[in-house]
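Peer 1:
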Amino acid sequence: MKVLILGSGYLAGNIYQNLSKKYFARVAGRNTKNNSNITTLSWPKINLSVFKDIDVVIDTLGMNSDDCQKFKDSAMSFGESVTKLNVRAAIESNVKKYIFVSTVHVYEEDMRGIYDENSEPLSKHPYALSKIGSEVVLNENQHFIETSIIRCGNCFGFSPFKNSEFEKLAANNFVLQALKNRKIEINSNPSTRRNFVPIDELSQFIGFIAENKSPKLINFVNSQSFSLLDIANKIKKIYRKKYKRELPIFLREDSRNLYNLDIRSLSLKRMKYRNSFNLEIYFEKMLGAKC
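Under the working numbering, read the sequence shown as residues 11 to 301, first letter to last.
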C-alpha cells in the first residue's frame, strides 16, 4: 500500500515515522524548510504527480490553534479551500481512500458534559471552524472517494518533525518541564479536563483504517478524560520512581469550576477497537528520552 501524508508538522511526522515501517509513505506539505523528507505542495496549483499511484491520502494539514486565532479570516478559508483542492487531486489521481484528521474540539470551545459522534459541532473557535470546513468538503465528496474523518482527542508524545507546536501541547510540555527544570508549572486552571491520546496510538489506528473499511466519522479518544493536575501527578509519580527524587508541581491558578467531560466513540465501539490507553506507559517512555 502506498500512502501520502499531507502536512509538515507534529502529527504528520509521527504518522510518517510509524507508517513508513510497513508501507511506502510520502510526506507533502507547505513548510519544507530544513526537512528533505517533505515534498513541497503549493496551492491553488497542485502538482498531481505527488498523488500519482497513491492508495490512501492522510490529511493533517491546517493552521494551529494560535495561528487560527491570530489570522481568523485565513483560518476560515484555509480549511475548506485547500481541502477541496486536495480532495479533487486525489479523485483525479484515482486514490482509493481519503482520511482527514480533525479534532474533538469542533463540538464546543468549552467542552464539558457528554459527547459522541451524534453530537453537533457547535464550536465557533477559528481552529474548530477551519476543521469543520474541511469536514464539509469530505462529506460532499464521499460518493466519489472513500472518506473517513477522525475527530481526535488531545495528542501527546514525540514526533520526528518537532516544532513550537510540540512544546505547547500540555502533556508534552509537562514532560519537558520535568526533564529540563525538574518541576512542573501549570499556568492555567489545573481542573481543566481534556481527553489525552498517545500520538503513537493515533498513528497505529490510521494504519489500521487505511487497510480496512471504516466509518465516515470516528471519535478517536481515550475511554477516560483527565484534568491537567491528574496528568501532572501521573508524570510526578513516574518521575519519582525513575529518578528517585521529588518533582514539585506549582499551580499558577487555583482549581475552579470542577466538571465532568466524557467523550465517547460509538464508532470504535462498533469496530470493537480498544481505546483504553495506558498513559503511564507513554509518559515513562518520554521521561526516559534525552531532550
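Where is the CB? At the ideal position from N, CA and C, for every residue including glycine.
Tell me which same chain residues have a C-beta within less than 8 Å of the C-beta of residue 292, skipping the five on either side of it?
Peer 2: By the criterion of a C-beta distance shorter than 8 Å, residue 292 is surrounded in its chain by 166, 167, 208 and 210, once the five residues flanking it on both sides are discounted.
Peer 1: Closer than 7 Å by C-beta to residue 301: which residues in its own chain qualify, once you throw out the five before and the five after it? Chain order, please.
Peer 2: Any answer about residue 301 is weak, because its pLDDT of 49 lies below 50 and its placement is not dependable; what the coordinates show is given next. Closer than 7 Å at Cβ, skipping near neighbours: 186, 189 and 190.
Peer 1: With which residues is residue 3 paired in a DSSP beta bridge?
Peer 2: Limits of the chain in this structure are 11 at one end and 301 at the other, which puts residue 3 out of reach.
Peer 1: Which residues does DSSP list as the beta-bridge partners of residue 49?
Peer 2: 38
Peer 1: Look up residue 5 in the DSSP assignment and say whether it is helix, strand or coil.
Peer 2: Here the chain covers residues 11 to 301 and nothing more, so residue 5 does not appear.
Peer 1: Which one of 40, 290, 154 and 110 has the shortest CA to CA distance from residue 162?
Peer 2: Out of 40, 290, 154 and 110, 110 has the C-alpha closest to the C-alpha of residue 162.
Peer 1: If you run the structure through DSSP and keep just helix, strand and coil, what is residue 248?
Peer 2: helix
Peer 1: How would you label residue 87, buried or exposed, when you count the other beta carbons within 10 angstroms and need 16 or more for buried?
Peer 2: exposed
Peer 1: Let's see if you can read the secondary structure: which residues bound the alpha helix (DSSP H) around residue 93?
Peer 2: 82-102
Peer 1: My understanding is that residue 256 touches residue 262, with C-beta atoms under 8 Å, so please give their C-beta distance in whole angstroms.
Peer 2: Separation of the CB atoms of residue 256 and residue 262 is rounded to 19 Å, and the pair is thereby denied contact status at 8 Å.
Peer 1: Work out the CA separation of residue 135 and residue 82 for me, nearest whole Å.
Peer 2: 9 Å
Peer 1: Among the residues of its own chain, which have a CB less than 6 Å from the CB of residue 151, if the five just before and after it don't count?
Peer 2: 97
Peer 1: For residue 175, which residues from the same chain have a beta carbon less than 8 Å from its beta carbon, with the 5 sequence-adjacent residues on both sides left out?
Peer 2: Once the five neighbours on either side are set aside, the close Cβ partners of residue 175 are 19, 20 and 74.
Peer 1: When we look at the beta-carbon of residue 76 and count the other beta-carbons within 10 Å, is it buried (16 or more) or exposed?
Peer 2: exposed
Peer 1: What ranges does the alpha helix (DSSP H) occupy inside the segment 207-272, keeping only unbroken runs of at least 4 residues that lie completely in it?
Peer 2: Entirely contained in the segment 207-272, the alpha helix (DSSP H) runs reaching 4 residues are, in chain order, 209-221 and 238-253.
Peer 1: DSSP three-state label for residue 123, please.
Peer 2: Three-state result, residue 123: strand.
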